[in-house]
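S.K.:
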Amino acid sequence: MEMVRVVFLTVLMFFVLVTVHEWGHYYFAKRAGILVREFAIGFGPKLFSYKRNETQFTLRLLPFGGYARMAGEDPEIIEIGPGQTIAVRLGQDNKVKNIYLDSLDTRRNVIRGEAQYTDLENELKIRLDVDGEVTVYDVHPQAMLIKGTQQTQIAPKDRQFGSKTVGQRAIAIFAGPVMNFLLAFVLFAIHLQMAGIKIENPTYVKIGDVSANMPAEEAGLQKGDIVVSINGEKIGGDYQKMISLTSASKGKEMQWTLQRGAETYNVSMIPRSMENEEGGKVGITPELPTRPAGFGETITKSGTAMVDTTKLIFIGFKQLINKFNMDDISGPVGTFQMTGQIAQQGIQYLTYWAAILSLYLGIFNLLPIPALDGSRLVFLGVEALRGKPVDPSREGMVHFVGFALLFLVMIAVTYNDILRLISG
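Numbering (numbering that gives the first Met the number 0), first residue to last: 0 to 423.
1. Looking at C-alpha atoms only, which residue of Gly43, Arg68 and Arg271 is the closest neighbour of Thr54?
2. Only counting the same chain, and skipping five residues up and downstream in sequence, which positions put a Cβ closer than 6 Å to that of Gln150?
3. Which runs of the beta strand (DSSP E), 3 residues or longer, sit entirely within the region 216 to 284?
4. Write down every uninterrupted run of the beta strand (DSSP E) in the region 25 to 102 whose length is 3 residues or greater and which is fully enclosed by it, in chain order.
5. Is DSSP giving Gly112 helix, strand or coil here?
6. Report buried or exposed for Glu394, applying the criterion of at least 16 other Cβ atoms within 10 angstroms of its Cβ.
7. Suppose only complete runs of 3+ residues qualify. What are the beta strand (DSSP E) ranges in the region 131 to 197, listed by chain order?
8. Can you tell me whether DSSP reads Thr202 as helix, strand or coil?
9. For Ile125, report the span of its beta strand (DSSP E) as first-last.
10. Restricting to Cα atoms, I'd like to know which of Ile242, Met268, Ala261 and Gly195 is closest to Met213.
11. Can you check which of these residues, Asn230, Phe160, Ser210 and Ser228, is closest to Gln221 by C-alpha distance?
12. Measuring CB to CB, does Val35 end up less than 9 Å from Ala28?
13. Among Ala215, Pro270, Gly43 and Phe47, which one has its Cα closest to the Cα of Gly64?
14. Flag this pair as yes or no: are the beta carbons of Ala353 and Leu191 separated by less than 9 Å?
15. Straight-line CA distance for Glu78 to Arg88?
16. How would you call Met396, buried or exposed, if buried means at least 16 neighbouring beta carbons within 10 angstroms?
17. Can you say whether Arg375 is buried or exposed, counting buried as having 16 or more other CB atoms within 10 angstroms of its CB?
18. Looking at Met178 and the ligand MN, is the gap between the Cβ and the nearest heavy atom below 8 Å?
19. On a CA-only basis, which of Pro391, Ile368 and Lys156 is nearest Phe402? Give me that one, please.
20. Would you list the one or two residues that DSSP bridges to Asp118?
21. Could you name the residues that DSSP lists as bridge partners for Val209?
22. Give the DSSP-derived three-state secondary structure of Arg290 in the structure shown.
23. Can you name, in chain order, every residue of its own chain whose Cβ lies under 6 Å from the Cβ of Ile388, other than the five neighbours on each side?
24. Where does Ala354 sit, in a helix, a strand or coil, going by DSSP?
25. Would you say Met241 and Ile229 are within 9 Å of each other, going by their C-beta atoms?
26. Around the C-beta of Arg59, are 16 or more other C-beta atoms found within 10 angstroms, so that it is buried, or is it exposed?
27. Look at the alpha carbon of Thr263 and the alpha carbon of Leu244, and state the distance between them as a whole number of angstroms.
28. Work out the CA separation of Val165 and Leu379 for me, nearest whole Å.
29. Enumerate in chain order the residues of its own chain whose CB-to-CB distance from Leu365 is below 7 Å, with the five nearest sequence positions on each side excluded.
30. Classify Tyr49 as buried or exposed, calling it buried when 16 or more other Cβ atoms lie within 10 Å of its own Cβ.
31. Sort Val135, Gly112 and Pro391 by Cα distance to Glu122 and report the nearest one.
32. Considering only residues of the same chain and omitting the five flanking positions on each side of Ile266, which have a CB-CB separation below 6 Å?
33. Okay, do the region 192 to 207 and the region 306 to 313 touch, 3+ Cβ pairs below 8 Å being the bar?
34. Where Leu186 and Thr57 are concerned, what is the direct C-alpha to C-alpha distance, given to the nearest angstrom?
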């Protein structure tokens, strides 16, 4: 059951990080009036899918990322050529609600004819020749193109990504990383509330973890016990003194006095040696005393954690550039493995790790690397400066090449992660 819990918490953490990021893109795209065709978590085959309003919400097999697919970002839906036979179904307002492209003989309550002219982006009109009689039909702005079992909503020009102002598009792109920053701040705050603030100059040493099959466990020590004295010497808040006395007593019996709640009890323990460790060990980890964090402290210290962690992330980027080594890079497999190990330590540590990953995800996505949000913002900045957009085909090629390179790097680091996992 412990393994199931760890796997569940690990998957849940990545699900939350990706969902929050993509929700930022989705929400501000919708606010700008952009049609969001699909909101997907993960890549690969669909596991679950449902449609709400205009958007298909999809959960896919591989939980490595996600996307909010906006109309106009990719080549739009199939065009209807002159002379093509189609069928249309009208709504109560006499506007075309459904456009059928195949299996026309099986469609019921439709008007079938030869398309002479079709504009599904600007004029929203279809001119149809039905048995020699030509009629122009208005198309509903949310009309569906249907081919087989696939239904695709049309995207009028004013619902497409490229039709919006530079500012609206920039906000829709920038919102993803911003949501990760906000999530990181919230997670740092939650961790601070769970962990508390370390007390300066503590007056006691509390036991944190008790290792299995070690003298402390055998003697009945528990997490939360307070160490009063060792061999008659008061410990107070000096946990280094506790460690020194224990280390110097390898193989010798020690007398410990501890406090559990309102009760005080005595135990005898003989510290043992451990592999690659000097001195004696009884198998306990001290837990520094803490106090609850106030509201103001939570805000300021969470902000400080954001700043300090951001500095460490950029130091890591700098070191990676100056001295590139594949062994220093971890992909999805390595990150999942590390997250699982942290999840085993408890929800408090997993929350802090999730905050770091959320902040890293936001920063990494803002780097000017093709296919990432940062690269798209660079193109929008160029468009704002020159007063006209970059050729969409050229921008698309840049993003495609960038995505392909990132995919190759991902394969390489995943392979490296698997080798490290196998070799231990």
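In this text, a Cβ means the ideal position worked out from N, Cα and C, and glycines have one as well. All of these numbers come straight from a predicted model, not from anything done at the bench.
M.R.: From the atom records:
1. Arg68
2. Met143
3. Entirely contained in the region 216 to 284, the beta strand (DSSP E) runs reaching 3 residues are, in chain order, 225 to 229, 253 to 259 and 262 to 268.
4. 35 to 51, 54 to 69, 84 to 89 and 95 to 99
5. Reduced to three states, the DSSP call for Gly112 is strand.
6. Counting C-beta atoms within 10 angstroms of its own C-beta, Glu394 has 16 or more neighbours from the protein chains shown and is therefore classed as buried.
7. 132 to 146 and 149 to 152
8. Of the three classes helix, strand and coil, the one that applies to Thr202 here is coil, per DSSP.
9. Lys124 to Val129
10. It is Met268 whose Cα lies nearest to the Cα of Met213.
11. Gln221 has its Cα closest to that of Ser210, out of Asn230, Phe160, Ser210 and Ser228.
12. yes
13. Relative to the Cα of Gly64, the nearest Cα in the group Ala215, Pro270, Gly43 and Phe47 belongs to Gly43.
14. For the 9 Å CB-CB criterion, Ala353 and Leu191 do not form a contact.
15. Looking at the two C-alpha atoms, the distance is approximately 18 Å.
16. exposed
17. Arg375 is buried by the Cβ-count criterion.
18. This structure lacks the ligand MN; in fact it carries no ligand of any kind.
19. Ile368
20. Paired residues: Lys124.
21. Ile283
22. strand
23. With the sequence shown as reference, residue 388 is identified as Pro, and Ile is not the correct amino acid for it. So the qualifying residues of the chain are Glu382.
24. In the structure shown, Ala354 sits in a helix (DSSP, three-state: H, G or I).
25. Going by C-beta atoms, Met241 is nearer than 9 Å to Ile229.
26. Buried.
27. 20 Å
28. 6 Å
29. Result list for Leu365: Pro176, Asp372 and Gly373, in chain order.
30. In the assembly as shown, Tyr49 is an exposed residue. Its beta-carbon has fewer than 16 other beta-carbons within 10 Å.
31. Val135
32. The question names Ile, but residue 266 in the sequence shown is Val. Same-chain partners within the cutoff: Ala218 and Trp255.
33. Judged by pairs of C-beta atoms under 8 Å, the region 192 to 207 does not touch the region 306 to 313, as fewer than three such pairs exist.
34. 26 Å
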